[in-house]
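Asker: Under the numbering used here, the first residue of the sequence shown carries the number 1362, and numbering increases by one thereafter.
In this text, a Cβ means the ideal position worked out from N, Cα and C, and glycines have one as well.
Have a look at this one before I ask anything.
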Amino acid sequence: MRILLVEDDLMIGETLSEALMDEAYTVDWVKDGRQAILTLKVQAYDLVLLDLGLPEIDGMGVLTAIRDAKLETPVLILTARDALQDRIKGLDAGADDYVIKPFELGEVLARMRVLIRRSQGKTDNQLSVGDLRLDISNKRVTIADKPIDITAKEFMLLQTFMLTPDKVLSKNQLEDSLYGWGMEVESNAIEFLIHSLRKKIGQDRIKNVRGMGWYIAQADDSKVE
Ligand code: CA
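What follows is the structure in structure tokens.
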């Protein structure tokens, strides 16, 4: 899950990006509207967290650019308490929801989950493939109801696979979903993560298609030998 955070307030930006990374999101943080628009042209995101009062181009301008470009990325706006008109304008301009500053992190995260799952056509925070289950809200993974001990990066990888079962994802696509800009990625990081994830959830759950990538199989053919 890759999030674009657009916020010029350094303290809010730092707090949010750290909290989002703790929640196993990949975060790219930009501090003005122009940068946000440029970024959205070259990188796909699962959600945009958008402050309205921004230098260069304000949040409303970013929102208009997003919708003009026919991007369907959910947008959650961050707005000041007294700015009712801005909230109305934002929603009318295509924002999906808003949070009022100062906000509780828990509320921001919950609203993000709602928007992301809505954009994926899902009604709850659970992903399941066979007896493997992943809960996005509490970051838990179980197999046949038995909890699996998993790291944040393994969780992110598994979530990426489980969002699109049976779809082969290339190493580039996986890196893109797991690592933001400026993060150093070892050349074999994805292979290494897949290896450690397989050890925890079972060797056969993540299939390899040589030269193409990996996928998680929706139909449970892991027991057919
Ligand atoms: Ca601002």
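Any idea what DSSP makes of Ser1531, helix, strand or coil?
Answerer: The residue you call residue 1531 lines up with position 170 of the sequence shown. Residue state, collapsed to three classes: coil.
Asker: By the three-class DSSP mapping on this structure, what secondary structure does Glu1586 have?
Answerer: Here residue 1586 refers to the residue found at position 225 when the sequence shown is read from its first residue. For Glu1586, the predicted model reports a pLDDT of 41, less than 50, meaning its position is unreliable; a value from the coordinates is still stated below. Coil.
Asker: Please tell me whether, using a cut-off of 7 Å, the distance from the CB of Leu1415 to the nearest non-hydrogen atom of ligand 1 is below it.
Answerer: Numbered from 1 along the sequence shown, position 54 holds the residue referred to as residue 1415. Yes - ligand 1 has a heavy atom lying nearer than 7 Å to the Cβ of Leu1415.
Asker: Report buried or exposed for Glu1586, applying the criterion of at least 16 other Cβ atoms within 10 angstroms of its Cβ.
Answerer: Locating residue 1586 in the sequence shown gives position 225, where the first residue counts as 1. Summary for Glu1586: the model assigns pLDDT 41, below 50, so the residue's position carries little reliability; its value from the coordinates is reported in the next sentence. With fewer than 16 Cβ atoms within 10 Å of its Cβ, Glu1586 is classed as exposed.
Asker: Pop quiz: Leu1493 and Leu1518 are said to be a contact at Cβ under 8 Å. What is the actual Cβ separation, rounded to whole angstroms?
Answerer: In the sequence shown, residue 1493 corresponds to position 132, counting from 1. In the sequence shown, residue 1518 corresponds to position 157, counting from 1. Not really, about 13 Å apart at Cβ, beyond 8 Å.
Asker: Does Pro1508 pass the burial test, meaning 16 or more other C-beta atoms within 10 Å, or should it be called exposed?
Answerer: Here residue 1508 is taken as the residue at index 147 of the sequence shown, counted from 1. Its Cβ having fewer than 16 others within 10 Å, Pro1508 is exposed.
Asker: Relative to the C-alpha of Lys1592, which residue among Leu1401, Ala1444, Leu1411 is closest?
Answerer: Because the chain spans 1362 through 1586 in this model, residue 1592 falls outside it and cannot be assessed.
Asker: How many whole angstroms separate the CB atoms of Leu1411 and Ile1438, which I take to be in contact at a CB cut-off of 8 Å?
Answerer: Indexing the sequence shown from 1 puts residue 1411 at position 50. Indexing the sequence shown from 1 puts residue 1438 at position 77. Yes, Leu1411 and Ile1438 are in contact; Cβ-Cβ is about 5 Å, under 8 Å.
Asker: Whole angstroms is fine: what's the gap from Val1367's alpha carbon to Gln1487's?
Answerer: Here residue 1367 refers to the residue found at position 6 when the sequence shown is read from its first residue. Here residue 1487 refers to the residue found at position 126 when the sequence shown is read from its first residue. So the alpha carbons of these two residues sit roughly 28 Å apart.
Asker: Would DSSP call Phe1543 helix, strand or coil?
Answerer: If you number the sequence shown from 1, residue 1543 lands on position 182. The sequence shown places Gly at residue 1543, not Phe. Reduced to three states, the DSSP call for Gly1543 is coil.
Asker: Would you verify that the beta carbon of Met1517 is, or is not, closer than 8 Å to some beta carbon of chain C?
Answerer: Absence of chain C from the displayed structure is noted, only one protein chain being present.
Asker: State yes or no: is the C-beta of Asp1370 nearer than 7 Å to some heavy atom of ligand 1?
Answerer: Mapped onto the sequence shown, residue 1370 falls at position 9. Checking every heavy atom of ligand 1 against the Cβ of Asp1370, one is found closer than 7 Å.
Asker: I'd like the list of long-range same chain contacts for Asn1569, defined as Cβ closer than 6 Å, with 5 residues on each side in sequence excluded.
Answerer: By 1-based counting over the sequence shown, the position of residue 1569 is 208. So the list reads Trp1575, once near-sequence residues are dropped.
Asker: List the DSSP bridge partners of Leu1366.
Answerer: Counting from one through the sequence shown, the residue named residue 1366 turns up at place 5. Paired residues: Trp1390, Leu1410.
Asker: Classify Leu1445 as buried or exposed, calling it buried when 16 or more other Cβ atoms lie within 10 Å of its own Cβ.
Answerer: Locating residue 1445 in the sequence shown gives position 84, counting from the first residue. Per the 10 Å Cβ criterion, exposed.
Asker: Whose C-alpha, out of Arg1448, Ser1531, Ala1513, Ser1548, is nearest the C-alpha of Ile1461?
Answerer: Here the question's residue 1461 lines up with position 100 in the sequence shown. Closest option to Ile1461, Cα to Cα, is Arg1448.
Asker: Identify every run of the beta strand (DSSP E) within the region 1458–1528, keeping only runs that are complete inside it and at least 3 residues long; order them along the chain.
Answerer: Here the runs fully enclosed are 1458–1462, 1487–1490, 1493–1496, 1501–1504, 1507–1509.
Asker: With burial defined as no fewer than 16 other Cβ atoms inside 10 Å of the residue's Cβ, what is the status of Pro1463: buried or exposed?
Answerer: As a working mapping, residue 1463 is identified with position 102 in the sequence shown. Exposed, by the Cβ-count rule.
Asker: I'd like to know whether the C-beta atoms of Gly1394 and Val1436 end up nearer to each other than 8 Å.
Answerer: Position 33 of the sequence shown, counting from 1, holds the residue named residue 1394. Position 75 of the sequence shown, counting from 1, holds the residue named residue 1436. Cβ distance not < 8 Å, so Gly1394 and Val1436 don't count as in contact.
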